[in-house]
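Asks: First the structure, then my questions, so here it is.
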Amino acid sequence: MMSNLLDTLIGAVQCLADDKIDDARSRILEQYPHTYTPCEHASISPYERLKIYIRDGFIDRYTGKRLIFPNALRLLSSELGQEVFPYHPNWKMSECHSAYWTYIPTCDHLIPKTKDGSDAPENLVTTCMAMNLAKSNSSLEELGWKLYDGGCLKDWDGLMGLYWQSIKKHPELKDAPLIDRSMHNALQRCIKEGIVSF
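If you're matching positions, the sequence shown starts at 8 in my numbering and goes up one per residue.
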């Protein structure tokens, strides 16, 4: 089931990249409609977070599932509208599409900060917001969780390439109100520094 939802998101972002907004809208409405059912406040910059996501190949290190570059989902919200793919700035569950909680990456501390864990890259892993919340201030050992291997960008880039393709075709999209400019700038910097290339 979860891979079908991911396929729907991949297809919808691909439709946007191909200038097929109506097809993207139909895919979301038919295959992954929003149902009404904490934003990350870390001291880690968007650029440093993105480098962790890239290092981990946009793989949730607690579940092994694929995650999505945040602005790829925000592009769906921006282009398809709140009625189809709603976004809430504080990720309010009743008003935000569940894909944000399921597929947006966040950084988590293997050793929690409350247990003297640092913000050093070796103590940070990529996970989704739902798993980050579930882990809270526990250690993997306390929860009985295992750490999955990171992925490889050539296998899965978290839809960064499709997002960048859309922005190159339609530069005005980078200034859309729902696009996270700091994450866009972080990606631009990673491209400029050769960390990723499209």
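The beta-carbon is built from N, C-alpha and C at its ideal position, and this holds for glycine as well.
1. Note the first and the last residue of the continuous alpha helix (DSSP H) segment covering Pro77.
2. Considering Cα atoms alone, identify which of Leu23, Ile59 and Thr15 is closest to Tyr39.
3. Helix, strand or coil, according to DSSP, for Val20 in the structure here?
4. Would you say Cys114 and Ile186 are within 8 Å of each other, going by their C-beta atoms?
5. Mind checking Leu194: buried by the 16 CB within 10 Å criterion, or exposed?
6. In the segment 126 to 191, which residue ranges form an unbroken alpha helix (DSSP H) of at least 4 residues, counting only runs that do not cross its ends?
7. Spell out the partners DSSP gives Ile66 in its beta bridges.
8. So, helix, strand or coil for Cys46, using DSSP?
9. Considering just the uninterrupted stretch of the beta strand (DSSP E) at Thr209, what are its terminal residues?
10. Can you give me the C-alpha to C-alpha distance between Tyr107 and Val91, rounded to a whole angstrom?
11. Please classify Asp14: does DSSP put it in a helix, a strand, or coil?
12. Let's see if you can read the secondary structure: which residues bound the alpha helix (DSSP H) around Glu37?
13. How long is the line joining the alpha carbons of Leu160 and Gly64, rounded to whole angstroms?
14. Is Ala24 closer than 8 Å to Leu169 when the C-beta atoms are compared?
15. What number of angstroms, rounded off, separates the C-alpha of Ile61 from the C-alpha of Asp164?
16. Counting C-beta neighbours from all protein chains within 10 Å, is the total for Arg32 16 or more, i.e. buried, or is it exposed?
17. For Ser105, which of Ile174, Ser84, Arg196 and Pro53 has the nearest alpha-carbon?
18. Contact defined as beta carbons within less than 8 Å: I believe Cys135 pairs with Leu82. What is the distance between those atoms, to the nearest angstrom?
19. Take Ser146 as the anchor and find which of Thr121, Ala19, Asp162 and Thr133 has the nearest alpha-carbon.
20. When we look at the beta-carbon of Cys46 and count the other beta-carbons within 10 Å, is it buried (16 or more) or exposed?
21. Can you grab the Cα-Cα spacing for the pair Leu180 / Leu12, in whole Å?
Replies: The structure says:
1. For Pro77, the enclosing alpha helix (DSSP H) has its first and last residue at Pro77 to Leu87.
2. Distances from the alpha-carbon of Tyr39 to those of Leu23, Ile59 and Thr15 put Thr15 closest.
3. Under the three-state reduction of DSSP output, Val20 falls in the helix class.
4. Between Cys114 and Ile186, the gap from beta carbon to beta carbon reaches 8 Å or more.
5. So Leu194 counts as buried.
6. Correct list: 136 to 142, 147 to 150 and 167 to 176.
7. Residue pairing for Ile66: DSSP places it in a beta bridge opposite Arg73.
8. Because Cys46 carries a pLDDT of 42, less than 50, the predicted location of this residue cannot be relied on, and no value is offered for it.
9. No answer is possible for residue 209: it lies beyond the span of the chain, which begins at 8 and ends at 205.
10. If I take the Cα positions, the gap works out to 13 Å.
11. Helix, per DSSP.
12. Its alpha helix (DSSP H) spans residues Ile28 to Gln38.
13. Just so you know, the alpha carbons of Leu160 and Gly64 end up roughly 5 Å apart.
14. Going by C-beta atoms, Leu169 is nearer than 8 Å to Ala24.
15. Their backbone Cα atoms lie some 8 Å apart in a straight line.
16. Buried: at least 16 other Cβ atoms inside 10 Å.
17. If you compare the alpha carbons of Ile174, Ser84, Arg196 and Pro53 with that of Ser105, the shortest gap goes to Ser84.
18. In this structure, Cys135 and Leu82 do not form a Cβ contact; the two beta carbons are roughly 18 Å apart against a cut-off of 8 Å.
19. It is Thr121 whose Cα lies nearest to the Cα of Ser146.
20. Because the pLDDT of Cys46 is 42, which lies under 50, any placement of that residue in the model is unreliable, and the question is left without a value.
21. Each residue's Cα considered, the two are about 25 Å apart.
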